[in-house]
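Okay, so the sequence shown: first residue is 68 according to the numbering used here, each after it adds one.
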Amino acid sequence: AKVEIETSGKSVNIPAPAATALALVLTELLQNAVEHAFIHHPSGRVIVRLARRGERLSLEVTDDGRGLPGAFELERDGNLGLQIVKTLVEDELKGSWSIESRDGTSVLVDVPLLEIEEAPVEPY
């Protein structure tokens with residue numbers, strides 16, 4: 068399938084360890100969308116939005132593909148990529164995330180910036 072990726076949002080300064088974790092989260096979510104959302108679709112669109120809302124950082128990845136299977140449960144049906152997202156967001160970034168079908172699939176990641184900004188930076 069031919070997949071168009073659209074991005075929106077302003078830049079946000081965050082420490083390197085958090086930026087690395089967020090980059091991995093985004094990579095996993097994009098990979099999932101490209102790999103699973105557009106089966107039997109000749110083309111599709113993925114939208115990535117980044118926004119700062121007060122002391123929180125919001126990352127949303129939405130596709131217009133086929134959506135989640137009917138009775139999807141992360142613990143039972145989630146692939147390794149989604150398990151990685153869960154671990155990075157909840158354990159490393161001290162945030163939360165949700166996934167749902169809405170004319171495709173939408174994943175919303177919410178991370179407290181205060182936790183990110185105060186995280187100790189390890190020397191090389």
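By construction, the Cβ of each residue, glycine as well, lies at the ideal position given by its N, Cα and C atoms.
Taking a contact to mean a Cβ-Cβ separation below 8 Å, would you say residue i touches residue j in this structure?
| i | j | result |
| --- | --- | --- |
| Thr129 | Ser173 | yes |
| Val70 | Val113 | yes |
| Val115 | Thr87 | no |
| Glu122 | Pro179 | yes |
| Gly76 | Asp131 | no |
Could you round the C-beta distance between residue i and residue j to whole angstroms and report it? I think they count as a contact, below 8 Å.
| i | j | result |
| --- | --- | --- |
| Gly148 | Asn99 | 5 Å |
| Leu175 | Ser125 | 7 Å |
| Glu95 | Ile151 | 5 Å |
Per DSSP, residue i forms a beta bridge with which residues?
| i | result |
| --- | --- |
| Arg169 | In DSSP, Arg169 forms no bridge with anything. |
| Lys153 | Answer is none; Lys153 lacks a bridge partner. |
| Ser110 | Lys69 |
| Asp130 | Val113 and Thr172 |
| Thr74 | Val115 |
Indicate the three-state DSSP secondary structure (helix, strand or coil) for residue i in the structure shown.
| i | result |
| --- | --- |
| Ala138 | coil |
| Ala88 | helix |
| Glu159 | helix |
| Val101 | helix |
| Gly121 | coil |
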